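This report concerns only the one structure given below.
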């Protein structure tokens, strides 16, 4: 009699457990290089933030479990296979009640980079993807957009092509 | 024979489940108004970010599960009981390889506000706490520091005393 009850509890807790890292799948198309929008990205943990003075944006940088573990343990040269770094980017605006606070306005895009040295060997070991705006439209008409990503990221080849420097979080 | 095996699996999955939201407790003292540092805060989800031009800092604003759910559903006037908003604050510095990117430098402090209209009725329904620096030393010699918090947050009484405007995250 006890065994079926334990199985039900087990199923229930498995569902709770999965919900911690995965949200409901969104209707977002993959990019032309075949990268899917990671399910549950908005629930990932923080690695850093940044503010750009050239294009009037700010962003938070999140990571999947592999990337967060690597960043917290300092294993980022190179980042381990399966690491995904994600940027959520917003246009800046001034806080309506605090003039010196610059806060997120409209959503610009989500960007990710996925580490797989063999699968993405032509782009420095990282697969790149971007989805534009609130509608999350895939960026790039064809696969060539990844060369645009690589051109910029090659400036930080010494850091495994990653601009993000994990922030100190006590 | 099967029953004990199911129990072991159950225990294992309970442990995994708890790890999704709670990390190992840190050796951080409570503030003088009796607020404990929330266990697992660094693993909470993102609500917003901000950049301050007056004190040269940037921050990410995280929330516990109650706060994240409320922010995503737009139930923030008032925020529900048990909501905790947390700010991780860093001094700004220029990215060494990208002049127009301003990124986190040294850690300044963690701040939280906890909603409980009855427990914290003398401070607008929110309990305030701050822990300074990487050592996470509690801010405030006695309870009076909360009046300092309230003085500032009263400017946004219309928004349930909260400056944070949840960022759009598709």
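Residue numbers (the working numbering), protein chains in the order written: chain A, 7 to 176; chain B, 7 to 176. The beta carbon of each residue, even a glycine, is placed where N, CA and C say it ideally should be. Computed from a predicted model, the values in this text were never measured in an experiment.
Burial state of residue 123 of chain B, where buried means 16 or more other Cβ atoms lie within 10 Å:
That one is exposed.
(message) On the DSSP letters alone, give me the boundaries of the alpha helix (DSSP H) that residue 159 of chain A sits inside.
(response) In this chain, the alpha helix (DSSP H) harbouring residue 159 of chain A covers 151-159.
- [ ] At 9 Å on the CB atoms, spell out the chain A contacts of residue 159 of chain B, in chain order.
- [x] Ordered by position in chain A, no residue passes the 9 Å Cβ test against residue 159 of chain B, which lies about 10 Å from the chain.
Which of the three DSSP states, helix, strand or coil, is assigned to residue 141 of chain B?
Collapsing the DSSP output to three states places residue 141 of chain B in coil.
Got a sec? Which residues, its chain only, sit under 6 Å from residue 47 of chain B by beta carbon, not counting five neighbours each side?
-> Once the five neighbours on either side are set aside, the close Cβ partners of residue 47 of chain B are 92.
**Prompt:** Cβ of residue 136 of chain B less than 8 Å from any chain A Cβ?
**Reply:** False, the Cβ-Cβ gap to chain A never drops below 8 Å.
| Residue-chain proximity (residue 30 of chain A, chain B), Cβ-Cβ < 8 Å | With a pLDDT of only 42 at residue 30 of chain A, under 50, the local geometry of the prediction cannot be trusted, and the value read off the model is given with reservation. No, its Cβ sits nowhere closer than 8 Å to a Cβ of chain B.
query: Is any beta-carbon of chain B found at less than 8 Å from that of residue 171 of chain A?
result: At a cut-off of 8 Å, the C-beta of residue 171 of chain A has a neighbouring C-beta in chain B.
If we define contact as Cβ-Cβ less than 8 Å, is residue 176 of chain B a contact residue for chain A? Taking 8 Å as the CB threshold, residue 176 of chain B lines the interface with chain A.
Practice item. Express the C-alpha separation of residue 49 of chain A and residue 28 of chain A in angstroms, rounding to a whole number. Key: Unreliable placement is indicated for residue 28 of chain A, whose pLDDT of 44 sits below 50; no coordinate value is reported for it.
With 8 Å set as the bound, which would you pick, yes or no: does the beta-carbon of residue 77 of chain B sit closer than that to a beta-carbon of chain E? Protein chains in the displayed structure are A and B, and chain E is not among them.
Find the residues of chain B that neighbour residue 162 of chain A, judging by a C-beta separation of less than 7 Å, and give them in chain order. Residues of chain B passing the Cβ test: 103.
Is the CB of residue 95 of chain B under 8 Å away from at least one CB in chain A? Closer than 8 Å: no.
Q: Look at the Cβ atom of residue 166 of chain B, then the Cβ atom of residue 36 of chain B, and state whether they are nearer than 8 Å.
A: Contact: no.
When you compare the region 48-68 of chain A with the region 96-109 of chain B, are there three or more beta-carbon pairs, one atom per stretch, that lie closer than 8 Å? When C-beta atoms of the region 48-68 of chain A are compared with those of the region 96-109 of chain B, three or more pairs fall below 8 Å, so the two segments count as touching.
Closer than 7 Å by beta-carbon distance: list the chain B residues that pair up with residue 66 of chain A, in chain order.
Here the neighbours are 52, 55, 66.
Does chain A have any CB closer than 8 Å to the CB of residue 179 of chain B?
What is shown of chain B runs 7 to 176, which leaves residue 179 of chain B out entirely.
Using three-state DSSP, classify residue 70 of chain A as helix, strand or coil.
In the three-state reduction of the DSSP assignment, residue 70 of chain A falls in the coil class.
Please compile the residues from chain A whose C-beta is within a distance smaller than 9 Å of the C-beta of residue 140 of chain B.
Using a Cβ-Cβ cut-off of 9 Å, residue 140 of chain B is close to 174, 176 of chain A, given in chain order.
The beta strand (DSSP E) enclosing residue 147 of chain B, as first and last residue numbers: Counting along the chain, residue 147 of chain B falls outside any beta strand (DSSP E), and DSSP gives it neither H nor E.
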